Each structure stands twice: as structure tokens, then as C-alpha cells.
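Before any comments, here is the structure.
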Amino acid sequence: MNYKRTLHSCYLSYISHAVIINLPPLLFVLLARDYNLNYEKLFRLVLINFLTQLIVDFLAARLADKVGYRKCLVTAHLLVASGLVLFGLFPLILQQSFIYTGLLFATIVFSMGGGLIEVLVSPIVNQVSGHLGAGSMTLLHSFYCWGQMLTVVVTTIVMRFLPDSYWYAIPMAWSIIPLITMSGFASAPMAEPRMNETASMPFGELLRDKRLWLAIGIMAFSGASETSMAQWASLFAEKGIGVTKIVGDLLGPSVFALLMAVIRMFYGKFESKFPLDKFLIFGGFGCVVCYVTAALSKSPALALAACALTGITVSLMWPGTLHASAERMPRGGTALFGLLALGGDLGCSVGPWMMGIVSDRSGINNGVLAGAILPVGFLVLFFINRRGAKKESQAELSS
């Protein structure tokens, strides 16, 4: 069966996922000014976004096995589109005292869709083109990066020329992408990973597998290393480095996303020439250097470059861990991807929050410096996992 349209829909779905993660922070300045929202309430929206996805991550695998992947993914994109529309609509129709509640509700709605996308799309791609190796997974995740860059660049430019009072049109306009993707999933051929020839591991057995918990820890540090810099780059560029907001947005998170996308696409085509393990080791150490350089450099240009270059170092952490875990635990099934996504979202929630606490107490530069502990944690768990995988391979050869 030709799954070309299915893969295209999977790629587009990650653009939708990038929109709901990266759009709200770009609107925070306007929301704070127009609706008297403090920073705690604004960043609570980010926390609720990831926590909702985390809860859905846990439930999505069993839901997909019961009702099917097609229905789940069509529903997911309907939720994303509806949440984006509501995010722009509620401030127009609700009284001032209820606007923040409306924003929270809209965030929960599109985050539910994002959680389903995160869990269900990866196993479909793994099933359809898993024989292509890690390249297929990194190519999929490169579309998140392109979506992130597209969201930042287009929204920043539109906000530059659109009157502030019309900001609500921005999330409504972005809802077009999930609606198009929903149509694609409704008609494209659908692979059902639960129908894999290899029987899936019982959920209880999977939870007792030590390799799973190690992989979840690696995913947590992967998500934290990536999202912490992505979420803080704009604010850090403006407050810590001293550049204007538009320069900070375009040269911070957008270049970060561009470099991450290029590396993921590059690796997707040339994976055989670059062993994944070596790239992940390089990425872990390089990420530490980037965080430290961004925090301590006296040169604004060098600090901003370090923020952007972090995109290269974290590019393969998330998709590489997904692929390596699927290879090491081939009977994990959709539940494995759901639990790994849960770990990744946990890191995405805790990492930026941890940097925020340090920034509040001792300054934003120290907050970014504290972020260097995240790739260190990734490296520690990665080497432990690598040693275990080598022992397993040696045991198989000897037997």
C-alpha cells in the first residue's frame, strides 16, 4: 500500500504541534498589557500546555487501540484547530474577569490535540518507514522545527504590521493548518501499529522493564534541553543580552529552529554516514557549551549565536532517543511511544520552570547557566543506557 499521503499528513501534523507550543509565548506581551496578566499566569499557560499533553500521552496509546488511529488523529487536529480559534475568540466575548479562564480552557483544548499527535504520529511513521532507520524519525521531527520557525517568523512579522487590537486574528488564522491536516488523515491510508507482526509487550511487563525508565529519563532531559532554550531564547535575548524584541525573536528562537530543522533533515538523508551515538554525544557536550557560553559571554553577538547554535546540539536528542528505544524494545508498541512522549513532556514542563525559578532569584543569565545541567543529565543517562545496550549485544552474540 502507498502511504505517501499518510506520511505527508504526519509531517504536517508536526507543524500543527509546533504552532500550539510556540505561538502563545509570542503573544504574552500583548496579553499581559491588555488583560493585566502577570508573568506567573502567563507561564502557567505554558505549564498547563505541557501538563495536559503529558496526561494525554499516558492515555493516548490505549485510546488508539480501542477506536483506531484515524479517528484519534482526526479528532486531535479538530481539537488543535478549535483551541486556536477559542484562544482568539474568548477575549472578545468574555468579561474581563473570565478572560484568563477562557485562555486556560482554550490551552487545554489544543493541548489535548497536541498530546494525541505527539504519541500517535511517531509509531505510524515508524511502522510505515521504519526500515529506513533513524532517518525517517528525524525527518518527521524536522517538520516540528520548520513549524516552529514558521510560527515565530510569520507571527513576528504579522505582529509588526497588524494593529495590536487585532491580535486575536493570529491564532484563528493558524487554525487553518490543523484543519487541512485533519482532512488529510480522514482520507489517507492508515497504518495501525498495534497490528504489527510482533506481539506487543503487555503494559505491565513494559512498566517493569528497567530499560523503559532509563529511556524515559533520557527523553525528559532531551525535552528539557531543547524546550528550555527555545522558550527562553526570545526573553533572554531582550532582557539578558539587550537586543530588541523583533531582533531577539528572529535571531533567537527562529534561527534555533532553522538549525535544528536543517540538521534533522540532513541526518534523515545521510544517517548511514553519521552514527547516531556519536552525534548524540557530540550534541550533549555541545549543548552544555552553548548554555554556558550564552549565560557568561560578554559579547551580545556571541551569546545570541550560542542560543541559536543550541538548535544543532539538541536536534537529534528527541528523535534519536525515540528511534533507539524502539529498536531496543521492539515489542513496546504504541505504549512505548506514549510513555516516552510523557517523559519528554515532563522535561519540557520542568526545564523552563526550573530556569524561571533561578532567574527570579538570581537573574536571567544565571537561569540560563542553570540550564546547562539539563544536557549533563542527558549525557549521564545516555552513557548508562549505551553501556547496557552493548552488554545486551554481547550477550546475544555469545549465545
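When we follow this note's numbering, the leftmost residue of the sequence shown carries the number 676, and every step to the right adds one. Here a beta-carbon is modelled for each residue, glycine too, at the ideal position from N, C-alpha and C. Predicted model, so just to flag it, every value in this text is computed and none were measured.
Straight-line CA distance for residue i to residue j?
i: residue 931; j: residue 783; result: 27 Å
i: residue 680; j: residue 1037; result: 50 Å
i: residue 1092; j: residue 956; result: Because residue 1092 is not part of the residues shown, which for the chain are 676 to 1074, the question remains open.
i: residue 846; j: residue 718; result: 18 Å
i: residue 800; j: residue 682; result: 7 Å
i: residue 878; j: residue 792; result: 21 Å
i: residue 1002; j: residue 886; result: 12 Å
i: residue 693; j: residue 1067; result: 36 Å
i: residue 833; j: residue 763; result: 15 Å
i: residue 686; j: residue 781; result: 24 Å
i: residue 991; j: residue 890; result: 14 Å
i: residue 798; j: residue 1008; result: 8 Å
i: residue 706; j: residue 952; result: 43 Å
i: residue 863; j: residue 713; result: 44 Å
i: residue 946; j: residue 742; result: 35 Å
i: residue 771; j: residue 703; result: 17 Å
i: residue 803; j: residue 678; result: 7 Å
i: residue 816; j: residue 972; result: 31 Å
i: residue 848; j: residue 788; result: 17 Å
i: residue 831; j: residue 751; result: 26 Å
i: residue 690; j: residue 892; result: 26 Å
i: residue 876; j: residue 1049; result: 31 Å
i: residue 872; j: residue 963; result: At residue 872, the pLDDT of 42 sits below 50, so the modelled position is not reliable; the number obtained from the coordinates is stated separately. C-alpha separation (whole angstroms): 41 Å.
i: residue 938; j: residue 988; result: 9 Å
i: residue 907; j: residue 927; result: 9 Å
i: residue 949; j: residue 854; result: 37 Å
Could you check how far apart the C-beta atoms of residue i and residue j are, in whole angstroms? I think they sit under 8 Å.
i: residue 970; j: residue 1040; result: 5 Å
i: residue 790; j: residue 731; result: 3 Å
i: residue 934; j: residue 984; result: 7 Å
i: residue 1046; j: residue 896; result: Not quite, the Cβ-Cβ distance comes to about 11 Å (not below 8 Å), so this is no contact.
i: residue 1025; j: residue 899; result: 6 Å
i: residue 744; j: residue 795; result: 6 Å
i: residue 1027; j: residue 902; result: 6 Å
i: residue 729; j: residue 1017; result: 6 Å
So is residue i buried or exposed if we call it buried at 16+ other beta carbons inside 10 Å?
i: residue 858; result: exposed
i: residue 841; result: exposed
i: residue 724; result: buried
i: residue 959; result: buried
i: residue 924; result: buried
For chain C, find out if any of its Cβ atoms is closer than 7 Å to the Cβ of residue i; answer yes or no.
i: residue 900; result: The chain inventory of the structure shown lacks chain C, comprising one protein chain alone.
*asked:* I'd like to know if the region 755-775 and the region 728-739 are in contact, where contact means that at least 3 CB-CB pairs between them fall below 8 Å.
replied: Not touching, per the Cβ criterion.
*Can you find at least 3 beta carbon pairs, one from the region 985-1004 and one from the region 929-949, that sit closer than 8 Å?*
With a cut-off of 8 Å, the region 929-949 and the region 985-1004 count as touching, because enough Cβ pairs lie within range.
_Taking 8 Å as the cut-off, does the region 975-985 touch the region 758-765 (at least 3 CB pairs, one atom from each stretch)?_
Note that the region 758-765 does not touch the region 975-985; fewer than 3 beta-carbon pairs, one per stretch, sit closer than 8 Å.
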